[in-house]
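Start counting the sequence shown at 2; every next residue gets the next number (the working numbering).
Below you'll find the structure, written out as structure tokens, and then a few comments.
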Amino acid sequence: MKNLRVDIEIRGVQTYVGNIIGNDFRDAHFRYAEEYLQTPGSVPVSISLPLQKEIFSVKQTRNFFEGLLPEGFTRRSVAQWMRASEEDYLSILAGLGKECLGALRITDENDEAIESAYEKLSMEQVRALAREGAVKSAQLVTESHLSLTGASGKVGLYYDKEHNEWFLPKGDAPSTHIVKQSHVRLDGIVINEQLALLTAAGLGMDVPESFIINVGDYSDEKVLFAIKRYDRIYGAGIKTISGRRVPIRLHQEDFAQALGIAAADKYEKNQEGYLKAMFDLLRYVSENPVSDQLKLWDMIIFDYLIGNTDNHIKNFSLLYRDDLKGIRLAPAYDIVSTTVYEGSSRDMAFHIGGEYRIDRITRDSFGNAAKEVGLGQKLAMTRFDEMCSRFEAALSEAAGMLTGIGSQKAAQFQEKILQTGGYGKVICQGKVLDK
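This is the structure in structure tokens:
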């Protein structure tokens, strides 16, 4: 029998929420603790798991909590080291859940407590992380009991900007940055993602702070991509671990978790209406639904223009206030141009106005999508046209910034994006662009 304790951080304080109990992952159920339900002002850990005394079903439990885990190679590697089945999300969560995305902590009540600390990484360890990619990140993930969603190799680290030093969090120590490695099959993915985020920032979109860690000549095996965690902030209190100031965890959940959709179903297949469901959810939960709907609309437009066909619903999230009392759309993240890679899917992760294939999506498709999700047609299409008109200049400026710090691939990606992404095909302000 497994009994996993679920805690959530509220204004910097760990608060007991409930338990996941079952013989194994096939019958595990989540239940809120009675004391949490009786606490005035308690808030559900997920929109898909409302406050209730009854246990949640196996499916509801798995859909939310499995959504906290890494996917792909990292998950397979961790499962092998734990001698667990890759399908056994419960055992993997027990091993990795001490530091998740957001403010949740999942711990096995039978495990010994690990002393909280920040372990300094040598420059050689940072080089190894860049050189060995997902293999090294999977090792660090296991050592730090850290769970980060996604299929790419990534690890949560603590960054001391003043001294340019990196630390591996242990125990209850929060990370401040997510560090990604280059992908063995996708050339230049680090430059690609930074180019995308810089372009998005140039268009006024809300994106996290990011930078490239170069330990050599900007070749794939000598660069890492660092993203400052938007779900970590520094509060008024001064708490330290290993002499380092400790950030507060902010809760977040991706749209798949909030909508009760399994991670395996993150790509829409038969026009189930994922896009409309996301907009409807923002109307229901956001503190500022008008602003957040327009931000989400901009994200969808940008994914199309830059050629990001991996824009599935786990790559959009809700971010909670530190007291859990308010929800906003999280900044844009995990944006890359997938279309620059030969053999990549030309289908978007959900349909735009009835169309999946990026080559068939037009300005009219976005007009149909605006109607479907309930946005005002004039406002939605004005934003579409404005982003189209400014996209190429923003992309050029971002590529110039990366070229200026030594990246030789940025200009190549710039050209490929204009050739392969949606921007190269869209009708923008009445003119057909075919770069």
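Each residue gets a CB set at the ideal place from its N, CA and C atoms; glycine is no exception.
* Report the three-state DSSP secondary structure of A350 (helix, strand or coil). => As a first step, residue 350 is located in the sequence shown; it is residue number 349 there, counting from the start. Correct three-state label for A350: strand.
* What are the complete beta strand (DSSP E) segments, minimum 3 residues, inside the segment 149 to 193? -> Runs of the beta strand (DSSP E) inside the segment 149 to 193: 155 to 161, 166 to 171 and 178 to 182.
* To do: May I ask which residues mark the beginning and end of the beta strand (DSSP E) holding A227?
  => Stepping through the sequence shown from its first residue, residue 227 is reached at position 226. Looking at the DSSP string, the run of the beta strand (DSSP E) that includes A227 is V224 to K229.
* To do: Leaving aside the five residues before and after G422 along the sequence, list all residues of the same chain whose C-beta is less than 7 Å from its C-beta, in chain order.
  => If you number the sequence shown from 1, residue 422 lands on position 421. So the qualifying residues of the chain are L306, I307, G308, S338 and T340.
* Please determine, among L330, F168, I213 and L94, the residue with the shortest C-alpha to C-alpha distance to D281. => Residue numbering aside, residue 281 sits at position 280 when the sequence shown is read from its first letter. Closest option to D281, Cα to Cα, is L330.
* **C-alpha distance - L122 paired with F212, whole-angstrom precision** => Mapped onto the sequence shown, residue 122 falls at position 121. Mapped onto the sequence shown, residue 212 falls at position 211. So the alpha carbons of these two residues sit roughly 18 Å apart.
* Quick one: is W298 buried, meaning 16 or more other Cβ sit within 10 Å of its Cβ, or exposed? -> Counting from one through the sequence shown, the residue named residue 298 turns up at place 297. Buried, by the Cβ-count rule.
* Evaluate contact between the segment 273 to 289 and the segment 78 to 90, counting only Cβ atoms and requiring at least three cross-stretch pairs below 8 Å. => Too few Cβ pairs lie closer than 8 Å, so no.
* **Whole alpha helix (DSSP H) elements within the segment 6 to 83, 4-residue minimum** => Segments of the alpha helix (DSSP H) lying fully in the segment 6 to 83: 35 to 39, 59 to 66 and 73 to 83.
* Asked: Where does M2 fall in DSSP's three states?
  -> For this step, residue 2 is matched to residue 1 along the sequence shown. It is coil, neither helix nor strand.
* Which residues in the same chain have their Cβ closer than 7 Å to the Cβ of E120, if we skip the five residues on either side of it in sequence? -> In the sequence shown, residue 120 corresponds to position 119, counting from 1. F168, L169 and K171, listed in sequence order.
* Asked: Can you tell me whether I239 is buried or exposed, with buried defined as 16 or more other CB within 10 angstroms of its CB?
  -> Reading the sequence shown from its first residue, position 238 is the one you call residue 239. I239 comes out exposed.
* Asked: Where does F317 fall in DSSP's three states?
  -> By one-based count along the sequence shown, residue 317 stands at place 316. F317: coil per DSSP, three-state reduction.
* Does DSSP classify K296 as helix, strand or coil? -> Within the sequence shown, the letter at position 295 stands for residue 296. Looking at K296 - three-state DSSP - the assignment turns out to be helix.
* Stretch-stretch touch, CB-based, cutoff 8 Å, three pairs: the segment 261 to 271 with the segment 285 to 301 -> Touching, no, given that fewer than three Cβ pairs across the two stretches are closer than 8 Å.
* Compute the beta-carbon to beta-carbon distance between T177 and K229, rounded to the nearest angstrom, for a pair I have assumed lies under 8 Å. => The residue you call residue 177 lines up with position 176 of the sequence shown. The residue you call residue 229 lines up with position 228 of the sequence shown. With 8 Å as the limit, T177 and K229 qualify as a contact, their Cβ atoms being about 7 Å apart.
* Do three or more CB pairs link the segment 14 to 27 to the segment 53 to 68 at distances below 8 Å? -> These segments touch.
* **Cβ neighbours of P175 in the same chain (closer than 7 Å, five flanking residues each side left out)** => Numbered from its first residue, the sequence shown carries residue 175 at position 174. Non-local C-beta neighbours of P175 in its own chain, meaning closer than 7 Å and more than five positions away in sequence, comprise E100, R233, V247, P248 and R250, ordered along the chain.
* **Proximity below 8 Å, CB of E67 to CB of A259** => Taking the sequence shown and counting its residues from 1, one reaches residue 67 at position 66. Taking the sequence shown and counting its residues from 1, one reaches residue 259 at position 258. No, they are not a contact pair.
* Asked: Measuring CA to CA, which of G73, G19, V44 and W82 is closest to F57?
  -> What you label residue 57 is simply residue 56 of the sequence shown in a count that begins at 1. Considering only alpha carbons, the answer is G19.
* Return the residue from the list H30, A129, L69 and S220 that minimises the CA-CA distance to Q409. => Residue numbering aside, residue 409 sits at position 408 when the sequence shown is read from its first letter. Comparing Cα positions, the closest option is S220.
* If you run the structure through DSSP and keep just helix, strand and coil, what is N369? -> For the purposes of this step, residue 369 is taken as residue 368 along the sequence shown, with counting starting at 1. Reduced to three states, the DSSP call for N369 is helix.
* Separation of E210 from A333, as counted between CA atoms -> The count along the sequence shown starts at 1 and reaches residue 333 at position 332. The count along the sequence shown starts at 1 and reaches residue 210 at position 209. Each residue's Cα considered, the two are about 11 Å apart.
* Asked: So, using beta-carbon positions, are E110 and R6 closer together than 8 Å?
  -> Locating residue 110 in the sequence shown gives position 109, where the first residue counts as 1. Locating residue 6 in the sequence shown gives position 5, where the first residue counts as 1. Yes. Within cutoff.
* Among K417, Y424 and F351, which one has its Cα closest to the Cα of E387? -> For this step, residue 387 is matched to residue 386 along the sequence shown. A check of alpha carbon separations from E387 across K417, Y424 and F351 identifies Y424 as the nearest.
* Helix, strand or coil at L396 according to DSSP, with G and I counted as helix -> Sequence index remark: in the sequence shown, residue 396 carries index 395 (1-based). Per DSSP, reduced to three states, the secondary structure at L396 is helical.
* **Backbone CA spacing between A104 and Y17 [nearest angstrom]** => Residue numbering aside, residue 104 sits at position 103 when the sequence shown is read from its first letter. Residue numbering aside, residue 17 sits at position 16 when the sequence shown is read from its first letter. About 12 Å.
* Same chain, Cβ closer than 6 Å to V180, five either side skipped, listed in chain order -> Counting from 1 along the sequence shown, the entry for residue 180 is found at position 179. Close CB contacts of V180 within its chain, under the 6 Å cut and outside five residues either way in sequence, are with V156, L158, L225 and A227 (chain order).
* **Counterpart residues of Q253 in DSSP-defined beta bridges** => Working through the sequence shown from its first residue, we reach residue 253 at position 252. DSSP, once it has assigned bridges, lists L320 as partnering Q253.
* To the nearest angstrom, how far is it from the Cα of V59 to the Cα of E36? -> Start at 1 with the first residue of the sequence shown, and residue 59 comes out as number 58. Start at 1 with the first residue of the sequence shown, and residue 36 comes out as number 35. Going from the Cα of V59 to the Cα of E36 covers about 23 Å.
* Contact under 8 Å by Cβ, R313 with A350 -> Numbered from its first residue, the sequence shown carries residue 313 at position 312. Numbered from its first residue, the sequence shown carries residue 350 at position 349. One detail in the question is off: residue 313 reads as His in this sequence, not Arg. When the beta-carbon positions are compared, H313 and A350 come within less than 8 Å of each other.
* Measuring CB to CB, does I48 end up less than 8 Å from V374? -> Translated into the one-based positions of the sequence shown, residue 48 becomes position 47. Translated into the one-based positions of the sequence shown, residue 374 becomes position 373. Cβ distance not < 8 Å, so I48 and V374 don't count as in contact.
* To do: With a threshold of 16 other CB atoms inside 10 Å of the CB of L52, please say whether the residue is buried or exposed.
  => In the sequence shown, residue 52 corresponds to position 51, counting from 1. Label assigned to L52: exposed.
* Whole-number beta carbon distance between I336 and A201, since they are thought to touch under 8 Å -> Against the sequence shown, residue 201 aligns to sequence position 200. Against the sequence shown, residue 336 aligns to sequence position 335. Indeed, because the Cβ distance is near 6 Å, the residues count as touching under 8 Å.
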